[in-house]
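Residues in the sequence shown are numbered consecutively from 4, following the numbering used here.
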Amino acid sequence: MTSDARPPEHVLQMPPPTDAAPLEEAFADSFVLFNETTRRYMEAYKQLEEQFEYLNVKLEETNRELRISLEEKDRVSNYLNNILESMSGGVLVTDLDGNITVFNRAAEAITGRSQDEVLGKSYEEVIGLDAGRQSTVLHTLETSKGVSSKEKDLKRADGRTIPLGFSTSLVRDAEGQILGAAEVFNDLTEMKRLEEQVRRMHTLAALGEMAATVAHEIRNPLGGIASFANLLERDLETDDPSRRLVRKITEGVARLNRIVSSLLSYTRPLNLNTHPVDLMQTVEEAAAFFEIDLERKQQAVEIRRLFLETPCVCQVDTEQFHQVILNLLLNATQAMPEGGTIELEVAQTSDADGDWIVTRVRDTGMGIDEELQEKLFTPFFTTKEDGTGLGLVTSRKIIEAHGGNIVVDSTPGDGTCFTIALPL
Ligand code: ADP
Ligand code: MG
Numbered sequence: 004m005t006s007d008a009r010p011p012e013h014v015l016q017m018p019p020p021t022d023a024a025p026l027e028e029a030f031a032d033s034f035v036l037f038n039e040t041t042r043r044y045m046e047a048y049k050q051l052e053e054q055f056e057y058l059n060v061k062l063e064e065t066n067r068e069l070r071i072s073l074e075e076k077d078r079v080s081n082y083l084n085n086i087l088e089s090m091s092g093g094v095l096v097t098d099l100d101g102n103i104t105v106f107n108r109a110a111e112a113i114t115g116r117s118q119d120e121v122l123g124k125s126y127e128e129v130i131g132l133d134a135g136r137q138s139t140v141l142h143t144l145e146t147s148k149g150v151s152s153k154e155k156d157l158k159r160a161d162g163r164t165i166p167l168g169f170s171t172s173l174v175r176d177a178e179g180q181i182l183g184a185a186e187v188f189n190d191l192t193e194m195k196r197l198e199e200q201v202r203r204m205h206t207l208a209a210l211g212e213m214a215a216t217v218a219h220e221i222r223n224p225l226g227g228i229a230s231f232a233n234l235l236e237r238d239l240e241t242d243d244p245s246r247r248l249v250r251k252i253t254e255g256v257a258r259l260n261r262i263v264s265s266l267l268s269y270t271r272p273l274n275l276n277t278h279p280v281d282l283m284q285t286v287e288e289a290a291a292f293f294e295i296d297l298e299r300k301q302q303a304v305e306i307r308r309l310f311l312e313t314p315c316v317c318q319v320d321t322e323q324f325h326q327v328i329l330n331l332l333l334n335a336t337q338a339m340p341e342g343g344t345i346e347l348e349v350a351q352t353s354d355a356d357g358d359w360i361v362t363r364v365r366d367t368g369m370g371i372d373e374e375l376q377e378k379l380f381t382p383f384f385t386t387k388e389d390g391t392g393l394g395l396v397t398s399r400k401i402i403e404a405h406g407g408n409i410v411v412d413s414t415p416g417d418g419t420c421f422t423i424a425l426p427l
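Here you go:
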């Protein structure tokens, strides 16, 4: 429509008053115009309505697309989040200021800290710099250099220090802008333990081979020395002072023989012959046998039993288990030269790894210094003049072959407790 001074068409125009006939005509014209205008109005309205409808449909469509796109984004984000949370490796991400923005479930388990407690906090405050700044994401942020497959120690929330394998890298957006840095890490405790076990087995195998040869080579001349000493003793008068020297030789030979035997039994591959047995009965058999020995040697040592009420059956090689209990009872007796009481306890416990039957041998002897406790299970470690240092290592070998473990707890001056745990 043009913008001239003419009034809009749809406004009903009153013609100037003249005589009657032209007035009628003018009315008729006006009506026609009025109708026409109304029709146009209706049309315009309809058009508007159609347009509105169209826009509505369009809007709905856009809305739907938006919803789908949002859902898709949500799905992708959830998916990525699920992956992050399901990873067995710990993932930690910081922003440019070194504040933690991502901390997945594995990271919680490995560090012993919860997401709530670390998100938004500074890396330095939460993880600390004990391992050295160069093995942290902060170093990566500062130098723009990541590290891969390195190792460090981590102090957990509970104070325990564990070995970690870790890698760090920068986090960038699609345009290459640096957003922060990420650290991916794994608890290496189990791997280190296995490594240590493999190393020990290798050493054992090598030692075993050597021991078998050496034992053979030593035993023959030893047999010779023993027989000659016997002959010599027979030739000497009963009151000959040299007899004492000959006896020393015989004792020395016996001791060498003992060492060779324990070396062989330690290094020989273990063949377990297990049966389901009541462990208390097995422990009792060993204790009763040991008591005969105590009586014979007239030692003032008493064995007090703290057993379970009901039988506890587990898979055990009784002969080897006897040997373990005898080793521990002997050590306990030797730790109490003045005599005393040994507590022999059989109990049942459960932990995250399952149910265990626990056998404890507790003495009130001299105890073991803290720095020596680590060495107890090292072959040939002994503090005794006539010790072999093979009793505990052999015991551990037997217990581990049963799928169990043996640990020591000792207070110098107060006594020692060895705890054997066997899977139920
Ligand atoms: P051995 O008895 O031949 O010395 P073991 O392997 O049985 O070898 O023990 C190693 C060392 O561990 C002993 O020499 C002793 O120092 C220490 N030990 C073991 N059991 C006890 C105990 N019950 N109390 C104190 N020390 C112990
Ligand atoms: Mg011993």
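The beta-carbon is built from N, C-alpha and C at its ideal position, and this holds for glycine as well.
Buried or exposed for residue i, please, with buried defined as at least 16 other CB atoms from any protein chain shown within 10 angstroms of its CB.
i       : result
Gly-183 : buried
Pro-382 : buried
Asn-334 : buried
Ser-245 : exposed
Thr-41  : exposed
Glu-53  : exposed
Ser-413 : buried
Ile-401 : buried
Ser-80  : exposed
Ser-353 : exposed
Met-4   : Reliability of the predicted coordinates at Met-4 is poor, the pLDDT of 44 falling under 50, and no value is obtained from them.
Ala-8   : Low local confidence applies: a pLDDT of 49 at Ala-8 is under 50, so the model's placement there is unreliable, and no value is given.
Ile-103 : buried
Thr-143 : buried
Asn-85  : exposed
Ser-6   : Bear in mind that a pLDDT of 46 at Ser-6, under 50, signals an unreliable position, so the model cannot answer this.
Asp-356 : exposed
In the DSSP assignment, find the alpha helix (DSSP H) that holds residue i and state where it starts and stops.
i       : result
Thr-376 : In the sequence as presented, Thr is not what sits at residue 376; that position holds Gln. Looking at the DSSP string, the run of the alpha helix (DSSP H) that includes Gln-376 is 373 to 376.
Ser-246 : The question names Ser, but residue 246 in the sequence shown is Arg. That run of the alpha helix (DSSP H) goes 245 to 270.
Gly-135 : Gly-135 -> no alpha helix (DSSP H), and no H or E assigned at all.
Ile-401 : 394 to 404
Nearest to residue i by alpha carbon, out of the options?
i       : options                            : result
Pro-314 : Gln-376, Leu-332, Thr-285, Arg-261 : Thr-285
Gly-418 : Arg-365, Asn-102, Val-280          : Arg-365
Lys-155 : Phe-169, Ser-147, Leu-425, Thr-146 : Phe-169
Ser-265 : Ala-289, Leu-311, Val-217          : Val-217
Gly-416 : Asp-372, His-405, Tyr-82, Met-194  : Asp-372
Ile-295 : Val-316, Thr-321, Leu-329, Phe-310 : Leu-329
Gly-211 : Gly-135, Leu-273, Asp-389, Lys-158 : Leu-273
Glu-128 : Ser-147, Thr-253, Thr-97           : Thr-97
Pro-340 : Gly-92, Gly-368, Val-150           : Gly-368
Asp-100 : Met-90, Thr-385, Glu-75, Leu-173   : Leu-173
Checking 9 Å against the spacing of the C-beta atoms, do residue i and residue j come in under that value?
i       : j       : result
Val-327 : Ser-268 : no
Leu-3   : Thr-270 : No statement about residue 3 is possible, as the shown extent of the chain runs from 4 to 427 and does not include it.
Thr-171 : Ala-185 : yes
Ala-350 : Phe-324 : no
Glu-236 : Arg-250 : yes
Pro-279 : Asp-358 : no
Gly-115 : Arg-70  : no
Cys-420 : Arg-363 : yes
Glu-346 : Arg-307 : yes
Thr-391 : Arg-203 : no
Per DSSP, residue i is paired with what?
i       : result
Gln-318 : Pro-279
Asn-102 : Ser-125
Arg-175 : Ile-181
Pro-166 : Asp-156
Check for me: the beta strand (DSSP E) holding residue i runs from which residue to which?
i       : result
Leu-425 : 418 to 426
Ile-345 : 343 to 354
Glu-154 : 150 to 158
Thr-414 : 408 to 414
Asn-189 : 181 to 190
Ile-113 : Not the beta strand (DSSP E): Ile-113 falls in the alpha helix (DSSP H), residues 108 to 114.
Ile-360 : 357 to 366
Glu-305 : 304 to 309
Query raised in the report: Under a criterion of Cβ closer than 5 Å to any non-hydrogen atom of the ligand MN, which residues qualify, in chain order?
Result: No copy of the ligand MN appears in this structure; the ligands present are the ligand ADP and the ligand MG.
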